[in-house]
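Notes follow the structure.
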Amino acid sequence: MAAVTHADDHHDHGPAKGLLRWVFTTNHKDIGTLYLVFALIMFFVGGAMSLVMRAELFEPGMQFVDPAFFNQMTTLHALVMVFGAVMPAFAGLANWMIPMMIGSPDMALPRLNNWSFWLLPFACCMLASTLFMEGGAPAAGWTLYAPLVLQGGKHFPFVIFSVHLLGISSILAAINIIVTVFNMR
73 MAAVTHADDH HDHGPAKGLL RWVFTTNHKD IGTLYLVFAL IMFFVGGAMS LVMRAELFEP
133 GMQFVDPAFF NQMTTLHALV MVFGAVMPAF AGLANWMIPM MIGSPDMALP RLNNWSFWLL
193 PFACCMLAST LFMEGGAPAA GWTLYAPLVL QGGKHFPFVI FSVHLLGISS ILAAINIIVT
253 VFNMR
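At the far end of the sequence shown sits residue 257, using my numbering, and the numbering has no gaps.
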């Protein structure tokens, strides 16, 4: 009796390839790269907002944008640069460096590491979506001072929730860094 062979007998299911590799990765270097690329993109987005503000301030009396939009750019620029560029850049460098510095093969909580990154794009898209809502984005400065931020439209819950998600992402990354340093060396 002859053995029946199938074309699918090899069973070499390796790591995901292509885009799925980046979505489902738990490798600290891949996640660190995702953080750093995201931080660079947000740096350019925040820089574009800064250019809008500088264009408005270029010459006294020249009206480049609406005054309310200028204040919205000020607020979003600060939130994007702090929560979207600086904090993810720190998490990206930490993901790249800390496991290699302490001799660990990976971060202590790799799935949490992946999840903490993927909160960022969702939160930044939610923050950017406030530009297209009734009343525009918040115009309260980077501190989101209470009397000013409440004067806007329906954007307030989206802004607060997105800032919370950005903060949660950073806290999860920090927890992962601390656990890795204490438990993996």
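All residues carry an ideal CB built from backbone N, CA and C; glycine is no exception.
If you count every other CB in all the chains shown that lies within 10 Å of the CB of residue i, and 16 or more means buried, which is it?
| i | result |
| --- | --- |
| Cys197 | exposed |
| Gly90 | exposed |
| Thr147 | buried |
| Ala88 | exposed |
| Gln223 | exposed |
| Val152 | buried |
| Val95 | exposed |
For the alpha helix (DSSP H) that residue i lies in, which residues bound it at each end?
| i | result |
| --- | --- |
| Thr105 | 100-128 |
| Pro139 | 139-151 |
| Phe254 | 228-255 |
| Val154 | First-last for Val154: undefined, no H or E at that position. |
| Ala218 | 218-221 |
In its own chain, which residues sit with a C-beta less than 8 angstroms from the C-beta of residue i, not counting the 5 before and 5 after it?
| i | result |
| --- | --- |
| Leu92 | none |
Considering only residues of the same chain and omitting the five flanking positions on each side of residue i, which have a CB-CB separation below 6 angstroms?
| i | result |
| --- | --- |
| Leu238 | Phe155, Ala195 |
Is DSSP giving residue i helix, strand or coil here?
| i | result |
| --- | --- |
| Leu165 | helix |
| Ala88 | coil |
| Phe136 | coil |
| Met159 | helix |
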